[in-house]
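**Q** Residue numbers (the numbering used here), protein chains in the order written: chain A, 1 to 588; chain B, 589 to 952.
The beta-carbon is built from N, C-alpha and C at its ideal position, and this holds for glycine as well.
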Amino acid sequence: MESAIMNETPTVKVDNVTFTYERGPLALQEISFEVKKGEILGILGANGVGKTTLCFHLNGIIPTVYTGVEKGSISLCGLDPWETPIIQLASKASMVLQDPESQFTTTNVESELFFGPANLAVDRDEILRRAAWAAKVCGIDGLEERKPKELSGGQKQRVALAAGLTMLPEVLILDEPTSQLDPIGTTEVFDVIKQLANTENMTIIITSHKTDEIARLASKVLVLSEGSVKALGTPREIFSQTELLESVGVNPPAVTVLAARMAKKFPGFQERCDRIGGIPLTVDEAYLLLKDLLDEGFLQVEWKEPPAPPPVSDEIMLESENVTFVYPTRVPVTALRDVNLTIHQGEIVAIVGQNGSGKTTLVKLFLGLLEATQGVTKVEGEDVAELTTGSIAKSIALILQNPDYQLFCISVEKEIEFGLRNLGLPEDEIARRVEQSLEEVDLEVLRDIFPFRLSFGDRRKVAAAAGIAMDPEILILDEPTTAQDYRGRHVLCQIATRMREKGKTIVMISHDMDLVAQYADRLVVMAEGRILADGPKREIFGMHEVMDKAFMKPPQITQLSQKLESYGIKKNLVTVDEMFACFKTGGA
Amino acid sequence: MAFEYVKKDTPLDRMSPLVKLLLMSLALILVIQCTKIEHISILLIWIIFGSLWWLVGKVELSSLGFILKLLSMLFVFLFVVQGLTYRFGDTTVILQLINFPFFDDHGNVVVNYGEVTVGGMMYGLLVMLRVIAVVSVIPIFTMTSPMTKISGALTKIHVPPKIIFMFITAMRFVPLVQESMDAIIEAQKTRGFDIDAANMYQKFRRAYVPIITPLLLLMFRRAMDLEVAINARAFGAREDITNMEDLSFKARDYLGIIIIVGIFSLMMYLMYFETTSITWRYLSIIVSTILTVMNGFIVTTGLDVILQNLNQFLLSLPVLNWIGGFLNQNLLLGYGAIIAALLIVYVVYKLIRRTTRKKKRVKR
Ligand SMILES: Nc1ncnc2c1ncn2[C@@H]1O[C@H](COP(=O)(O)OP(=O)(O)OP(=O)(O)O)[C@@H](O)[C@H]1O
Ligand SMILES: [Mg+2]
Numbered sequence: 001m002e003s004a005i006m007n008e009t010p011t012v013k014v015d016n017v018t019f020t021y022e023r024g025p026l027a028l029q030e031i032s033f034e035v036k037k038g039e040i041l042g043i044l045g046a047n048g049v050g051k052t053t054l055c056f057h058l059n060g061i062i063p064t065v066y067t068g069v070e071k072g073s074i075s076l077c078g079l080d081p082w083e084t085p086i087i088q089l090a091s092k093a094s095m096v097l098q099d100p101e102s103q104f105t106t107t108n109v110e111s112e113l114f115f116g117p118a119n120l121a122v123d124r125d126e127i128l129r130r131a132a133w134a135a136k137v138c139g140i141d142g143l144e145e146r147k148p149k150e151l152s153g154g155q156k157q158r159v160a161l162a163a164g165l166t167m168l169p170e171v172l173i174l175d176e177p178t179s180q181l182d183p184i185g186t187t188e189v190f191d192v193i194k195q196l197a198n199t200e201n202m203t204i205i206i207t208s209h210k211t212d213e214i215a216r217l218a219s220k221v222l223v224l225s226e227g228s229v230k231a232l233g234t235p236r237e238i239f240s241q242t243e244l245l246e247s248v249g250v251n252p253p254a255v256t257v258l259a260a261r262m263a264k265k266f267p268g269f270q271e272r273c274d275r276i277g278g279i280p281l282t283v284d285e286a287y288l289l290l291k292d293l294l295d296e297g298f299l300q301v302e303w304k305e306p307p308a309p310p311p312v313s314d315e316i317m318l319e320s321e322n323v324t325f326v327y328p329t330r331v332p333v334t335a336l337r338d339v340n341l342t343i344h345q346g347e348i349v350a351i352v353g354q355n356g357s358g359k360t361t362l363v364k365l366f367l368g369l370l371e372a373t374q375g376v377t378k379v380e381g382e383d384v385a386e387l388t389t390g391s392i393a394k395s396i397a398l399i400l401q402n403p404d405y406q407l408f409c410i411s412v413e414k415e416i417e418f419g420l421r422n423l424g425l426p427e428d429e430i431a432r433r434v435e436q437s438l439e440e441v442d443l444e445v446l447r448d449i450f451p452f453r454l455s456f457g458d459r460r461k462v463a464a465a466a467g468i469a470m471d472p473e474i475l476i477l478d479e480p481t482t483a484q485d486y487r488g489r490h491v492l493c494q495i496a497t498r499m500r501e502k503g504k505t506i507v508m509i510s511h512d513m514d515l516v517a518q519y520a521d522r523l524v525v526m527a528e529g530r531i532l533a534d535g536p537k538r539e540i541f542g543m544h545e546v547m548d549k550a551f552m553k554p555p556q557i558t559q560l561s562q563k564l565e566s567y568g569i570k571k572n573l574v575t576v577d578e579m580f581a582c583f584k585t586g587g588a
Numbered sequence: 589m590a591f592e593y594v595k596k597d598t599p600l601d602r603m604s605p606l607v608k609l610l611l612m613s614l615a616l617i618l619v620i621q622c623t624k625i626e627h628i629s630i631l632l633i634w635i636i637f638g639s640l641w642w643l644v645g646k647v648e649l650s651s652l653g654f655i656l657k658l659l660s661m662l663f664v665f666l667f668v669v670q671g672l673t674y675r676f677g678d679t680t681v682i683l684q685l686i687n688f689p690f691f692d693d694h695g696n697v698v699v700n701y702g703e704v705t706v707g708g709m710m711y712g713l714l715v716m717l718r719v720i721a722v723v724s725v726i727p728i729f730t731m732t733s734p735m736t737k738i739s740g741a742l743t744k745i746h747v748p749p750k751i752i753f754m755f756i757t758a759m760r761f762v763p764l765v766q767e768s769m770d771a772i773i774e775a776q777k778t779r780g781f782d783i784d785a786a787n788m789y790q791k792f793r794r795a796y797v798p799i800i801t802p803l804l805l806l807m808f809r810r811a812m813d814l815e816v817a818i819n820a821r822a823f824g825a826r827e828d829i830t831n832m833e834d835l836s837f838k839a840r841d842y843l844g845i846i847i848i849v850g851i852f853s854l855m856m857y858l859m860y861f862e863t864t865s866i867t868w869r870y871l872s873i874i875v876s877t878i879l880t881v882m883n884g885f886i887v888t889t890g891l892d893v894i895l896q897n898l899n900q901f902l903l904s905l906p907v908l909n910w911i912g913g914f915l916n917q918n919l920l921l922g923y924g925a926i927i928a929a930l931l932i933v934y935v936v937y938k939l940i941r942r943t944t945r946k947k948k949r950v951k952r
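1. Using a Cβ-Cβ distance under 8 Å, would Pro480 of chain A count as near chain B?
2. Using only the alpha-carbon positions, how far apart do Val109 of chain A and Lys595 of chain B sit?
3. Quick one: what does DSSP say Ser337 of chain A is sitting in, helix, strand or coil?
4. Looking at Val333 of chain A and ligand 1, is the gap between the Cβ and the nearest heavy atom below 7 Å?
5. Please find out if some non-hydrogen atom of ligand 1 comes closer than 7 Å to the beta-carbon of Leu245 of chain A.
6. Can you give me the C-alpha to C-alpha distance between Val14 of chain A and Leu174 of chain A, rounded to a whole angstrom?
7. Which ranges does the alpha helix (DSSP H) cover as unbroken runs of at least 4 residues, wholly within the stretch 597-638 of chain B, from first to last along the chain?
8. Which residues in the same chain have their Cβ closer than 7 Å to the Cβ of Ala588 of chain A, if we skip the five residues on either side of it in sequence?
9. For Ala215 of chain A, which residues does DSSP report across the bridge?
10. At a CB distance below 9 Å, what residues from the stretch 883-917 of chain B approach chain A? Give them in sequence order.
11. Closest Cβ-Cβ distance between Leu423 of chain A and chain B: below 8 Å?
12. Identify whether Asp478 of chain A lies in helix, strand or coil by the three-state DSSP scheme.
13. Count the other CB atoms within 10 Å of the CB of Lys584 of chain A; is the residue buried (16 or more) or exposed (fewer)?
14. Could you pull the start and end residues of the beta strand (DSSP E) that Met832 of chain B belongs to?
15. Assuming contact is defined by CB atoms lying nearer than 8 Å, are Asp841 of chain B and Ser604 of chain B in contact in what I supplied?
16. Chain A beta carbons: is any one of them nearer than 8 Å to that of Glu648 of chain B?
17. Could you check whether the stretch 393-405 of chain A touches the stretch 553-566 of chain A, counting it as contact only if at least three pairs of C-beta atoms, one from each stretch, sit closer than 8 Å?
18. Please confirm whether any heavy atom of ligand 1 lies closer than 7 Å to the CB of Glu413 of chain A.
19. Relative to the C-alpha of Ile726 of chain B, which residue among B:Met612, B:Val907, B:Ile886, B:Leu903 is closest?
20. Just confirm the distance between the C-beta atoms of Asn119 of chain A and Ala822 of chain B, as a whole number of angstroms; I'd bet it's less than 8 Å.
21. Gln374 of chain A and Val339 of chain A - do their beta-carbons sit closer together than 8 Å?
22. Could you give the DSSP three-state label for Pro536 of chain A: helix, strand or coil?
23. Is Pro311 of chain A buried or exposed, if buried means 16 or more other CB atoms sit within 10 Å of its CB?
24. Under the criterion of a Cβ to heavy atom distance below 7 Å, does Gly368 of chain A qualify as lining ligand 1?
25. Just to confirm the assignment: which complete alpha helix (DSSP H) runs, minimum length 4, are found wholly within the stretch 812-861 of chain B?
26. Closest to Phe115 of chain A by CA distance: which of B:Lys737, B:Ile751, B:Ile633 is it?
27. Just list the residues that DSSP pairs His511 of chain A with in beta bridges.
28. Is there a Cβ from chain B that is less than 8 Å from the Cβ of Pro426 of chain A?
29. If you draw a straight line from the C-alpha of Ile62 of chain A to the C-alpha of Ala93 of chain A, how long is it?
30. Taking 7 Å as the limit, name every residue whose beta carbon sits nearer than that to some heavy atom of ligand 2, in sequence order.
31. The beta strand (DSSP E) with Val49 of chain A in it runs from where to where?
32. With a threshold of 8 Å between beta carbons, is Ile726 of chain B in contact with chain A?
33. Any beta carbon of chain A sitting closer than 8 Å to that of Pro605 of chain B?
34. By DSSP, does Pro689 of chain B sit in helix, in strand, or in coil?
35. CB-CB under 6 Å to Ile851 of chain B, same chain, minus the five flanking residues each way: which ones, in chain order?
36. Which residue marks the beginning of the beta strand (DSSP E) containing Arg522 of chain A, and which one marks its end?
In structure tokens form, the structure reads like this:
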């Protein structure tokens, strides 16, 4: 009886909130929504639309740490963040931040897990129990003694998440908690979140670019665009508006996009969707729908061979022979074991695999930033151990996940010149290359601006331009997707594709299977420091055992094509376009 | 990195951080009072005592690598400056670097600030020992106490949360700066910027700009983020935070306090109530005995003649005679040329090491 009444009042209520940062832009505009106890609210939107600002409002970071002008009202568990001290709010709502780098508040993993609940004076045994549980569900058990710098990017993020979970707050706010996690890890984390909402009645607010996961478990979805609410509703209501979503830079799950396109092409398809309760959001739903339609003869499969990857040249660009690498920490960590890999000129190779499997380490060996403990790494046939890092930079450009590690000049132009001057090129050549690379990334108009004033997406473009200007034979992208919205990821990959057309070699590390499937030709799958499989992407996606072992999951379209094999989908398809082309109206 | 906690199962590790905090504050109090040259002996005893703590806590000297480098530079500087300016105690001149005399009204030389004196060197030594006496106890605190234990202990003695907050931030910020700096150096290396290959001059002139600028900008943001993160984890929400570590005082803690206070009181006694400065006298006796024995050894074996001949020979060499002649002053007992030769060998060795280490070649 009582709980029924409790459920009436929302745990989080945001009413007509408008917010402007002190000496800054208008960040939120007339936002209103409610979240009830035990609900999961997914917040979607492109980079820079105010997702993080909104999260900061809910646990008092605004106005305590950042301030500004606010209109409207917020209530969280009956408290008003603008009236209540942050320490009181923090015991109700806890938050996991976007950037795992700066979230470590203590000096090792174990104490990090203890920090939150200890501050809440939770019982010691209970803290130990929670820490063990959180470490397990976030897949970091065994790393308790590690320091932040001894963890891979994804492992750091898992720690941040686990630390948030140990607090078991009434409201859990997660700001892109899985941006660097491997696919299975992501699914597991979302499952845990779902379970917390169901069993512990926890209220969860989560921002993410992973729409397939949000579609799977959110009870409500909020779409933000330029600081205001574009849409609010159940996942099915929201994701069926594919055009609206794409216009605000959010990509709906691939199967939903497929269904929406089919609904446009085949009259009557929409009615069939409506009959089963709406547009499909998951692979299973899509499969059941298509299966029925195919069985009935409403649709028919007409096999269209997907385009074959371009031929590969014989010239070897990167090579590693029996490479083993051990990090010389107190407890040495073997990050690579006997790795053999050759990458040819003109290939786009994606290195994928679970968190901590050694992908970044491998790339660092090629760049000469680390030296192999055993074995030889070669760049264009020359042994890396004998080369200066400066001269390797002539052959390989690395585009980092975080552009802020390298930008320091007063203008975009100067930034690009920096690398070229390091190479000691003549002035006219420098000017020519600056021009060319600015054009490549489409930043000509911003050439005189101080890079730090640019948006995150543009800063990354500057970093990319600086890399491209070096005119490297090889371009390496380490997790180009992290913290990037749907458009940002494609922009970088398209730049890479254009470079390949000029005969360059591209290596990308990514956990985004859709992106990998669309742009790469060849996949290298890593797990626990070893290469598990290496081959054309369509073949690799078919190797279920390897995929499971490496914590990978094929993209939605590939999963669907595997299910539809008996209907004449002969190979693993990877993009919506490929799949869409295989259907035509059936029967008469 | 220096000063970071490393888990080791030692008695010091298990000791309450408060005891180590006491050691630190007493070290500070002691050092403030050591202002006379005679106190060198007291500081030496304190430092020996401090290194015993290091042994018990299994703290490695090498973990201080960077700090030691910085300190050694400071010490050279101290010796030179103090040697040249301090004009009390023993005014025997060791070396006249330049001639920079000051005259009184009658035209007599009062003081020559170009001379390094024994008294000055002693004072330099005193200042150096004061620094060491404090610095050597800091790792005992930071490297053997996990941060959770420190903040727990501070909470227990009712230190205001604001101060603990600052403390946590500082403790986390040092490694964070280091991590960010490593990441930035790596990023700039991949843009053909090779700081390892640059020489000292290049490093200072331009090399640090591409590293320091992003670091400052980044750290500014990281500091904000860290504050957000600590707040988001309910820091300060309760007075009675749970202590994951056992913080109650044990027998070893009391023993630690007794030892620390005992030694400190002994130092104080020696400093203020032991009018004969007995420790200083013993130190002088020990040093002079060692010197006489060495001298006796050199003379009886006839080594002095050989050394003197060698020195004479070195002085006849063209460039060496100039440097050697300069160093061949009073207290160096006429062995200046040998010292000059050794110095030159050392510098040449360093230079060779530098160039051979850079064995990597440039591509194509
Ligand atoms: N500096 C370091 N010191 C010690 N161990 C490290 C260090 N950097 C990484 N490791 C460890 O080495 C292994 C490989 O790390 P690496 O960063 O190469 O993984 P990754 O495949 O890039 O992972 P992610 O997908 O999370 O980015 C991991 O177990 C990691 O914890
Ligand atoms: Mg990585």
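**A** In brief:
1. Taking the first sequence and counting its residues from 1, the one referred to as residue 480 of chain A is at position 480. With 8 Å as the cut-off, Pro480 of chain A does not count as an interface residue toward chain B.
2. Here residue 109 of chain A is taken as the residue at index 109 of the first sequence, counted from 1. Here residue 595 of chain B is taken as the residue at index 7 of the second sequence, counted from 1. Distance between the alpha carbons of Val109 of chain A and Lys595 of chain B: 13 Å.
3. Residue numbering aside, residue 337 of chain A sits at position 337 when the first sequence is read from its first letter. Here residue 337 of chain A is Arg; the residue named in the question, Ser, does not match the sequence. In the structure shown, Arg337 of chain A sits in a strand (DSSP, three-state: E or B).
4. In the first sequence, residue 333 of chain A corresponds to position 333, counting from 1. True, at least one ligand heavy atom lies under 7 Å from that Cβ.
5. Position 245 of the first sequence holds residue 245 of chain A. Not under cutoff, so the answer is no.
6. Working through the first sequence from its first residue, we reach residue 14 of chain A at position 14. Working through the first sequence from its first residue, we reach residue 174 of chain A at position 174. When rounded, the distance between both Cα atoms is 17 Å.
7. 599-602, 605-621
8. The residue labelled residue 588 of chain A in the question sits at position 588 within the first sequence. At Ala588 of chain A, the pLDDT of 44 sits below 50, so the modelled position is not reliable; the number obtained from the coordinates is stated separately. Closer than 7 Å at the Cβ level, and outside the excluded window around Ala588 of chain A, lies no residue.
9. By one-based count along the first sequence, residue 215 of chain A stands at place 215. Paired residues: none, contrary to the question.
10. none
11. On the first sequence, position 423 is the one that residue 423 of chain A refers to. Closer than 8 Å to some Cβ of chain B, the Cβ of Leu423 of chain A qualifies, so yes.
12. Here residue 478 of chain A is taken as the residue at index 478 of the first sequence, counted from 1. Reduced to three states, the DSSP call for Asp478 of chain A is strand.
13. Translated into positions along the first sequence, residue 584 of chain A becomes position 584. Counting Cβ neighbours within 10 Å, Lys584 of chain A comes out exposed, since fewer than 16 surround it.
14. Position 244 of the second sequence, counting from 1, holds the residue named residue 832 of chain B. Taken as a continuous stretch (DSSP letters only), Met832 of chain B belongs to no beta strand (DSSP E), as it is neither H nor E.
15. One-based indexing of the second sequence puts residue 841 of chain B at position 253. One-based indexing of the second sequence puts residue 604 of chain B at position 16. Going by C-beta atoms, Asp841 of chain B is nearer than 8 Å to Ser604 of chain B.
16. Position 60 of the second sequence, counted from the start, is the residue given in the question as residue 648 of chain B. No - not a single Cβ of chain A is within 8 Å of the one on Glu648 of chain B.
17. no
18. Within the first sequence, numbered from 1, the residue matching residue 413 of chain A stands at position 413. Result no, Cβ not under 7 Å from ligand 1.
19. In the second sequence, counting from the first residue as 1, residue 726 of chain B sits at position 138. Cα-wise, what sits closest to Ile726 of chain B is B:Met612.
20. Counting from one through the first sequence, the residue named residue 119 of chain A turns up at place 119. Counting from one through the second sequence, the residue named residue 822 of chain B turns up at place 234. Right, the Cβ-Cβ distance comes to about 4 Å (below 8 Å), so this counts as a contact.
21. Stepping through the first sequence from its first residue, residue 339 of chain A is reached at position 339. Stepping through the first sequence from its first residue, residue 374 of chain A is reached at position 374. Not in contact: Val339 of chain A and Gln374 of chain A (Cβ atoms no closer than 8 Å).
22. As a working note, residue 536 of chain A is residue 536 in the first sequence. Strand, per DSSP.
23. Sequence index remark: in the first sequence, residue 311 of chain A carries index 311 (1-based). With fewer than 16 Cβ atoms within 10 Å of its Cβ, Pro311 of chain A is classed as exposed.
24. Here the question's residue 368 of chain A lines up with position 368 in the first sequence. It does not: the Cβ of Gly368 of chain A is nowhere closer than 7 Å to a heavy atom of ligand 1.
25. 839-860
26. In the first sequence, the residue the question calls residue 115 of chain A occupies position 115. Comparing Cα-Cα distances from Phe115 of chain A to each of B:Lys737, B:Ile751, B:Ile633, the minimum goes to B:Lys737.
27. Position 511 of the first sequence, counted from the start, is the residue given in the question as residue 511 of chain A. Its beta-bridge partners do not exist; DSSP assigns none.
28. Residue numbering aside, residue 426 of chain A sits at position 426 when the first sequence is read from its first letter. Answer no: the Cβ-Cβ gap between Pro426 of chain A and chain B never drops below 8 Å.
29. Within the first sequence, residue 62 of chain A is the residue found at index 62, counting from 1. Within the first sequence, residue 93 of chain A is the residue found at index 93, counting from 1. Each residue's Cα considered, the two are about 13 Å apart.
30. A:Ser152, A:Gly153, A:Gly154, A:Lys359, A:Thr360, A:Asp478, A:Glu479, A:Ile509
31. Position 49 of the first sequence, counted from the start, is the residue given in the question as residue 49 of chain A. Val49 of chain A -> no beta strand (DSSP E), and no H or E assigned at all.
32. As a first step, residue 726 of chain B is located in the second sequence; it is residue number 138 there, counting from the start. Output row for Ile726 of chain B: interface = no.
33. As a first step, residue 605 of chain B must be located in the second sequence, where it is residue number 17. Output row for Pro605 of chain B: interface = no.
34. Here residue 689 of chain B refers to the residue found at position 101 when the second sequence is read from its first residue. Here Pro689 of chain B sits in strand by DSSP.
35. Taking the first residue of the second sequence as position 1, residue 851 of chain B is located at position 263. Same-chain partners within the cutoff: Phe637.
36. Locating residue 522 of chain A in the first sequence gives position 522, where the first residue counts as 1. It spans 522-527 - the beta strand (DSSP E) in which Arg522 of chain A sits, taken as one unbroken run.
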